[in-house]
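Everything on this sheet refers to the single structure shown next.
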Amino acid sequence: MPELPEVETIRQDLRKKILGKKINDFVFTKKARLNKTTKFFVDFFVGNHFAEIDRIGKLIIFVLPDEKHVLLVHLKMTGQLIYKKDDKIIPGGHSDVSTVDVPNKHTHVQFHFEDGSKVFFNDIRRFGYLSLETIEKLEKIKSKYGIEPLTDNFTWENFAKIFAGKKSTILKALLLNQQIISGLGNIYVDETCFDAGIRPDRRVNTLTLAELKRLFASTKKIIKKAVEERGTTFNNYLDADGKKGSFVKFLKVYGRGGQKCVKCKSILTKTKIGGRGTVYCEKCQK
DNA sequence: CCTTGTGTTCTCCG
DNA sequence: CCGGAGAACACAAG
């Protein structure tokens, strides 16, 4: 599941690879989820290029040189953006880096660049989308996102403010709410709560100052570490080179329901909180 | 039936 | 009874 660290990894990778490169062709299948006609996309992109790649929360923002438009890409659960330099077949099959062949049956969109390199948008479940928007629309969309764990705005003061007015919200629901904190998804919320030693089903108005401080520190720590490890490949996620993210080896609760807690060896609880699958330790998290 | 991210709808409380 | 917050529901597809 691409969350902030995964999307940020892809953004940083693609920036180095495709900025300024002229787009020679825009290729698509009829399964592609686009917010305009395919003709519109082709006419718009062929001959054009990307001037910058930004991100807000889990949304990738490809900035066009006209300073009037952006291409928004949301990967949802199974989307991938894979860059490939050329179509050379390496004898014996796979290259030593990429763990995926592209294009494949889940490739719905391709950008072909002037130097022969390509970007492939793959999506098994097809929940992800490409959306061509104006700068004005982007500002409206951006205004709906909460504070970003990787920016200077993510201070203890701003973090504490989030909780100040809240009453009985379930902690996990609050942390997953993109309008409050942007970028956290199911993996990092469970990991953050474990790291802070707090049950994800706690009502936020019952959290003590000490607990809030731990939660703030853990959020920063987990996200920073996950970005350093280039994300978590649990099922489907790959970076722009088709490589897996290595944070998976640091997961302490996500996907480990029924297994032993790494700290206290008791069995981790798997349950549903706020409608989402949740794993936590009854002993280590209070 | 499950999975998760997100947008919408509904309910409840002060 | 109104407004807003929070929770529940709906939807995507395999």
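Its first residue numbered -6, the first sequence is counted upward by one per residue in this note's numbering. Quick reminder that beta carbons are idealized off the backbone N, C-alpha and C, glycines included.
In whole angstroms, what is the alpha-carbon distance linking residue i and residue j?
i: L57; j: F38; result: 9 Å
i: R4; j: D145; result: 19 Å
i: F34; j: G72; result: 19 Å
i: C254; j: T264; result: 15 Å
i: F55; j: I46; result: 5 Å
i: F147; j: Y230; result: 26 Å
i: Y181; j: L244; result: 9 Å
i: T262; j: V272; result: 6 Å
Pull up the DSSP beta-bridge partners for residue i, would you.
i: V102; result: F21, F114
i: L125; result: L64
i: T185; result: In the DSSP output, where bridge partners are listed per residue, T185 has none listed.
i: L131; result: L131 pairs with nothing; no bridge assigned.
i: T31; result: In the DSSP output, where bridge partners are listed per residue, T31 has none listed.
i: L74; result: F114
i: T264; result: T271
Determine the extent of the beta strand (DSSP E) in which residue i is found, giving its start and end residues.
i: F55; result: 52 to 56
i: D47; result: 45 to 49
i: Y273; result: 269 to 273
i: K258; result: Careful: K258 lies outside any beta strand (DSSP E) and carries neither H nor E.
Is the CB-CB distance between residue i and residue j below 7 Å?
i: F240; j: G224; result: yes
i: D232; j: D6; result: yes
i: F156; j: V246; result: no
i: A219; j: P(-2); result: yes
i: S136; j: N28; result: no
i: V63; j: L131; result: yes
For the alpha helix (DSSP H) containing residue i, list its first residue and its last residue.
i: Q5; result: -3 to 11
i: L208; result: 202 to 221
i: K160; result: From DSSP, K160 is part of no alpha helix (DSSP H); its letter is neither H nor E.
Say the cut is 6 Å; is the CB of residue i nearer than that to a heavy atom of the ligand PLP?
i: G158; result: In the structure on display, the ligand PLP does not appear, and there are no ligands present to speak of.
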